[in-house]
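Undergrad: Per our numbering, the sequence shown runs over residues 838 to 944.
One structure is given below, represented as structure tokens, and several questions about it will come after.
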Amino acid sequence: MATGDVEDFIEQNRQVADRVETFRTISESDKHWKSRREFIFRNMNDYEDPQLDHLLALSMVWANNVFLGCRYSPDLLKKVKEMAEGIVVEDAPVFKTRDEIVKQQGR
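See below:
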């Protein structure tokens, strides 16, 4: 589901879209929420009730990794990156590990 497809989906499925809007946290910026909302829409058919909480947790893992640089197990990151395939996040921050920073300073 491309970004334009998300907007079309919202227009055609107002009740579902309104429900998804309730999942936005108070601390999410518009940019953060727009991307996480797309993640939810792309995967919601695979995680219907009672698995919806699992999808919301996975969406937060993905968003926290992309926007905040949080680290998780390689298996979990692989899973959420596959689930997010095709989502374009403009101007996403770039994070470096401590080892990358130390290596760069050694040059």
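Ideal placement from N, C-alpha and C gives every residue a C-beta, glycine not left out.
It should be emphasised that the depicted structure is a prediction, and the values quoted were computed from it without experimental measurement.
#1: Just to check my reading of the structure: I924 and E875 have Cβ atoms closer than 8 Å, yes? What is that Cβ distance to the nearest angstrom?
#2: Look at the alpha carbon of I863 and the alpha carbon of W870, and state the distance between them as a whole number of angstroms.
#3: Would you give the residue range spanned by the alpha helix (DSSP H) that F904 belongs to?
#4: Is it buried or exposed, L805, if we count other Cβ atoms within 10 angstroms and call 16 or more buried?
#5: Considering only the alpha carbon of each residue, which of A900, I938, R851 and P911 lies closest to V926?
#6: Does DSSP put S864 in a helix, in a strand, or in coil?
TA: Walking through what the data contain:
#1: Your numbering for residue 924 matches position 87 in the sequence shown. Your numbering for residue 875 matches position 38 in the sequence shown. The beta-carbon separation of I924 and E875, rounded to 5 Å, stays under the 8 Å limit for a contact.
#2: Here the question's residue 863 lines up with position 26 in the sequence shown. Here the question's residue 870 lines up with position 33 in the sequence shown. Taking the straight line joining both Cα atoms gives about 10 Å.
#3: The count along the sequence shown starts at 1 and reaches residue 904 at position 67. Run containing F904: none; DSSP gives neither H nor E here.
#4: Because the chain spans 838 through 944 in this model, residue 805 falls outside it and cannot be assessed.
#5: Here residue 926 corresponds to residue number 89 of the sequence shown, with the count starting at 1. Nearest to V926 by C-alpha distance, out of A900, I938, R851 and P911, is A900.
#6: Residue numbering aside, residue 864 sits at position 27 when the sequence shown is read from its first letter. Correct three-state label for S864: coil.
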